[in-house]
Structure formats: structure tokens, C-alpha cells
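**Q** Okay, so the sequence shown: first residue is 1 according to the UniProt record's numbering, each after it adds one.
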Amino acid sequence: MEPLDKRKLRWGILGTGRIAKDFCAAIVAAGDTNEIAMVAGRRPNAAKEMAETYGGRPSTVEGGGAYEQLERADDVDVVYVAVVHKFHKEHILRSLVCGKHVLCEKPMCLNAAETRAVVAAARVAGRLLVEGHWTQCWPAAREARTLIRNGAIGELVAIASDFSYPNKIDASNTECQNEVGGGATMFVGPYPLCAALRSLGKPEEVHAVGSLAKPTPAGVIDTAAAVTMRFAGGRLAVATYGWASEGAQQTTMMGTHGKITLPQPAQAPTVLKLTAKKDGQDEPTEEVREFPLPKHPPGLPPLLYPNAEGQVYQVRAVEEAIRRGETECEHMPLDASMHLAETMDNVRAQLGVAFAKDGLRARLAARLAPSRRALAPACLTFGAICAVSLTSALAGAFLTAATARGAPV
Numbered sequence: 001m002e003p004l005d006k007r008k009l010r011w012g013i014l015g016t017g018r019i020a021k022d023f024c025a026a027i028v029a030a031g032d033t034n035e036i037a038m039v040a041g042r043r044p045n046a047a048k049e050m051a052e053t054y055g056g057r058p059s060t061v062e063g064g065g066a067y068e069q070l071e072r073a074d075d076v077d078v079v080y081v082a083v084v085h086k087f088h089k090e091h092i093l094r095s096l097v098c099g100k101h102v103l104c105e106k107p108m109c110l111n112a113a114e115t116r117a118v119v120a121a122a123r124v125a126g127r128l129l130v131e132g133h134w135t136q137c138w139p140a141a142r143e144a145r146t147l148i149r150n151g152a153i154g155e156l157v158a159i160a161s162d163f164s165y166p167n168k169i170d171a172s173n174t175e176c177q178n179e180v181g182g183g184a185t186m187f188v189g190p191y192p193l194c195a196a197l198r199s200l201g202k203p204e205e206v207h208a209v210g211s212l213a214k215p216t217p218a219g220v221i222d223t224a225a226a227v228t229m230r231f232a233g234g235r236l237a238v239a240t241y242g243w244a245s246e247g248a249q250q251t252t253m254m255g256t257h258g259k260i261t262l263p264q265p266a267q268a269p270t271v272l273k274l275t276a277k278k279d280g281q282d283e284p285t286e287e288v289r290e291f292p293l294p295k296h297p298p299g300l301p302p303l304l305y306p307n308a309e310g311q312v313y314q315v316r317a318v319e320e321a322i323r324r325g326e327t328e329c330e331h332m333p334l335d336a337s338m339h340l341a342e343t344m345d346n347v348r349a350q351l352g353v354a355f356a357k358d359g360l361r362a363r364l365a366a367r368l369a370p371s372r373r374a375l376a377p378a379c380l381t382f383g384a385i386c387a388v389s390l391t392s393a394l395a396g397a398f399l400t401a402a403t404a405r406g407a408p409v
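1) Just to confirm my understanding: we take L14, look at its own chain, exclude 5 residues before and 5 after, and list those with CB closer than 7 Å. What are they?
2) Tell me, please, which residues DSSP counts as bridged to C329.
3) Ignoring anything shorter than 4 residues, give me the alpha helix (DSSP H) runs that lie fully in the segment 152 to 219, in order along the chain.
4) Which value, in whole angstroms, describes the spacing of the CA atoms of E143 and R198?
5) Hey, out of M338, V318, A341, L340, whose CA is closest to E330's CA?
6) Would you mind sorting residue 425 into buried or exposed? The rule is 16 or more other CB atoms within 10 Å of its CB.
7) If you run the structure through DSSP and keep just helix, strand and coil, what is N346?
8) To the nearest angstrom, report how far apart L128 and A73 are at their CA atoms.
9) Thinking C-alpha only, which one of P107, L110, V124, R116 is nearest C98?
10) Between H88, K8, L96, which has its C-alpha nearest G56's C-alpha?
11) According to DSSP, simplified to helix, strand and coil, what is L129?
12) Pop quiz: Q281 and Q267 are said to be a contact at Cβ under 8 Å. What is the actual Cβ separation, rounded to whole angstroms?
13) Less than 6 Å between C-beta atoms, sequence neighbours within five positions excluded: which residues of the same chain meet that for F382?
14) With three or more C-beta pairs closer than 8 Å as the rule, is the segment 200 to 209 touching the segment 343 to 356?
15) Where does G258 land, buried or exposed, given buried means 16+ other C-beta within 10 angstroms?
16) Counting Cβ pairs, one atom from each stretch, are 3 or more of them under 8 Å apart for the segment 303 to 319 and the segment 13 to 31?
17) Count the other CB atoms, across all protein chains shown, that sit within 10 Å of the CB of T261; report buried if there are 16 or more and exposed otherwise.
18) Would you kindly report the start and end of the unbroken beta strand (DSSP E) that includes E286?
19) Suppose you measure from the CA of R10 to the CA of M50; what does that come to, to the nearest Å?
20) For G219, does the count of other Cβ atoms within 10 angstroms reach 16, so buried, or fall short, so exposed?
21) Candidates V61, D77, R43: which alpha carbon is nearest A321's?
22) I'd like to know if the segment 157 to 171 and the segment 225 to 239 are in contact, where contact means that at least 3 CB-CB pairs between them fall below 8 Å.
23) Provide the residue(s) that pair with residue 411 in DSSP beta bridges, ordered along the chain.
24) I want to know whether the segment 20 to 34 touches the segment 288 to 303 - three or more CB-CB distances under 8 Å.
25) If I'm right that G234 touches S164 with Cβ under 8 Å, what's the distance once you round it to whole angstroms?
26) For T223, does the three-state DSSP call read helix, strand or coil?
27) Verify whether the separation of the beta carbon atoms of E286 and K278 is less than 8 Å.
28) How many angstroms separate the CA atom of P306 from the CA atom of D5?
29) Less than 8 Å between the CB atoms is what I'm expecting for R372 and A365, so what's the real figure, rounded?
30) Relative to the C-alpha of E179, which candidate in R363, A356, M38 has its C-alpha closest?
31) In angstroms, rounded to a whole number, what distance separates the CA positions of H188 and T33?
32) Have a look at the DSSP bridge pairing and note the partners of V124.
33) Hey, G201 and A232 are a contact pair by Cβ (cut 8 Å); roughly how many whole angstroms apart?
34) Considering only residues of the same chain and omitting the five flanking positions on each side of T115, which have a CB-CB separation below 7 Å?
35) Closest by CA to N167, which one among Q264, V288, D222, A120?
36) Cutting at 8 Å between CB atoms, please list the residues of its own chain near residue 423, excluding the five before and the five after it.
As C-alpha cells, then:
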């Protein structure tokens, strides 16, 4: 076999859904050093159609056997797992056993126990494992972390992040099905939660409130949530997310001497605003930095998600890590994935949301959660409430913390 430094990185695509198609387009955009070797789906026709559109060969068997066919393929270097949450663990483990590197769509697994198992397996196998938080690979998000490390806004005090938008809450929507690991915390929560954890580390205290619904008999899901977190040194974060209403879809990182804002859409940011006092200035100034989207390859179908051209940043990040022989991605290390999984478990427990694979104890505890005493209506004007109350709360916390540090406010 030709060594990796002399050929393209060969991708196997596990799944044929919307996100998988956008990711395939990103591989084509990075086609100078990447290529699609194989596409696998439960329905051979869907895999065939994707392969004809984006490249590679399709799986040739039906059902779950198609995925195993890809995982065992000799001409696949890295597997992109883009199936429903409840199947992530088994496909990550099988891919690792077969000697493949793995990029898995967020969340890594259904819960912290499963995440812990795949992280341990990856470390034993000596293969790269990355949770697909594409936001963390974007130049704007990377620049924000660099500015914080370099003290551009003084000492980081608090982070506020939102990802809320209207969504159909019913049994026909896979995102709302408890049986596959659905709910707002699992589908949209990772974005604002990770925005806080990547800069502040592991939270010492987590408090969550939210709205619940039961679209299917399998169990309750959350449709919106507000999560407050306290970190070492008294630093704070608020993450809001959900499907009840339009939200700010913005992330603000507040320091003792300024702030960094990733405006809407913060989950796919193309703009960074730095507001800070420079030497000799009495008033802060705002600097806007723009990061234009990469080009969508001509001849391909339109992208299905906003700013999905940015998936190429994630393709490049994974490729670079593999070519350097690394087993973790610097933009989303495995410890960050563990912290996120543990936080999401904590949030779901407080909201009263449990999955079959969480175990009996977790399911019983979920039934006793305060949120379960009365299922809150999904029509709650969640974004409007949070926009006022949480901004005020964080502003007060910021001023208190900054004053305690003797910083000008």
C-alpha cells in the first residue's frame, strides 16, 4: 500500500442523510488531498446515488451489513459516522477494531459511559477519534480561543451562548424521538455547551431548567433548556438552546477588559467582533474580523445546511491530525468530549430525560426530576425570556466578578 504521505486520505461515509451529503461536498472541496472511497447506507439505492454524486463506490448489501462492509474495507483510512445517535458507539468501536480513524458526528455517544468506552478504545487502538464539533474548527472560533489565551480581553469571566430556532415537535421528526437519542440537548445543546466548555474547561456546578414533550411512546425529550454553569475561579457560563422560538444564535465571551462576540450564526461563524480597550484608551473600540466561506465545488447539488461550506475546515483538521500521526484533534480533544458528555448527562438528569441505554438507575431518577411533574408546553416563548433574563443575569455576574478582581468596569 502506498504510504499516506504520497497519496490522498481516503474517507468512508457511514450514512446517507443530509449532513452526510454536505460533508461529502466538503471532501470534494478538499479534493487535492482527500477523496471519498466508499459510501454506506441501509438502502443500497441511497448509497449508490450519493456515490454517483460525490465519488467513491457504494455499499452493496442492505441494512446494517452495509456499514460493516465499509468498516472492514481495506481502502478506507478514516470513517465519518453520520447515523442516528444510538448507533454511534457500535460503529466507532467496530471502525477502531478494523484499524480506521474515526470522525463521529456530535454527540459522540448517547451518554458519558458510552463516550468513556470509545475514548478508551481509541487510545488503546492508537487511532484518531474526533467528535464532529465543526464549529471548533472554524477560523473565527479558533481565533477567539487564541485571543483569550493571549489576554486580548483580560481575564475570561463569563460566556453566554445560544442556539435556538423553531422546529417541528412531533413523532415524524427523528430529532424528537427518544428511542434514537433525540431531544434538544442532544441535537442543538452541544453547540452552546461546547462553546463554554472549550474555553472554561470542566464545570464544577451545573443547573438546568427546560421544557419537555413526549412525541413518541418511547419517552420524554426536552424541547428547550437554559443551563447555567460555574467553573474554577468563579467563572460562569449560560447556554440556551431549543426548538420553541428564534434565538440570538450568538456566543459572547466576556473578560475583565473586553469581550469577543461570534454573531449569528455562532455555530458556523464567519465574523468575530473584538471589543476591548487598547493601551491609552479610555473607551473600548470594536474591531470586526471577517472570515469568508470557502467555495462550494461547482456542479454539486446545493448545500442543505447554512454555511455548510465550512465543513471543509473539519475535513482539513482531521486530515492534518492523521498526517501528523496524532490520535486527537487539537480543536476538539477527547477530554473536551468527555466533559461535554458528562455535562449533557447532568443536564438530562435534571430535566428528567433518559434513554433506554442510560440504565435503570438513570431512568428511574429521570422520572423523579422536577421538570417531569408537569410537561411544559413546547410553545413556550423560550428565546424571548432568555434574551432578557439571562443577559441581565450575566451582566450582573460579570460586573461583580470584574469588580472583585479590581478591574475597571
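Here a beta-carbon is modelled for each residue, glycine too, at the ideal position from N, C-alpha and C.
**A** This is what the structure gives:
1) A40, Y67, L70, V79, Y80, V81, A82, V83, H91
2) M332
3) 184 to 187, 190 to 200
4) 13 Å
5) Ranking M338, V318, A341, L340 by Cα distance to E330 puts V318 first.
6) Past the boundaries of the shown model lies residue 425; the chain is included only from 1 to 409, so the question cannot be answered.
7) helix
8) 17 Å
9) V124
10) Residue K8 is the option with its Cα nearest to G56.
11) strand
12) Rounded, the Cβ-Cβ distance is 32 Å, inconsistent with contact.
13) Here the model assigns F382 a pLDDT of 46, short of 50, so the residue's position is not dependable, and the following value carries that caveat. These residues qualify, in order along the chain: A224, G242, A244, S245.
14) yes
15) buried
16) yes
17) buried
18) 285 to 290
19) 16 Å
20) Residue burial annotation: G219 is buried, with at least 16 other C-beta atoms found within 10 angstroms of its C-beta.
21) D77
22) yes
23) Residue coverage of the chain in this structure runs from 1 to 409, which leaves residue 411 outside it and unanswerable.
24) At 8 Å Cβ cutoff, the stretches touch.
25) At roughly 27 Å, the Cβ-Cβ gap does not stay under 8 Å, so G234 and S164 are not in contact.
26) strand
27) No, Cβ-Cβ distance for E286 and K278 is not below 8 Å.
28) 33 Å
29) Not a contact, Cβ separation roughly 10 Å.
30) A356
31) Note on identity: in this sequence residue 188 is Val, with His being the wrong assignment. About 31 Å.
32) Beta-bridge pairing links V124 to no other residue.
33) Their Cβ separation, rounded to whole angstroms, is 7 Å, which keeps G201 and A232 in contact under 8 Å.
34) M108, C109, S337, M338, A341
35) Proximity to N167 across Q264, V288, D222, A120 peaks at D222, based on C-alpha coordinates.
36) Past the boundaries of the shown model lies residue 423; the chain is included only from 1 to 409, so the question cannot be answered.
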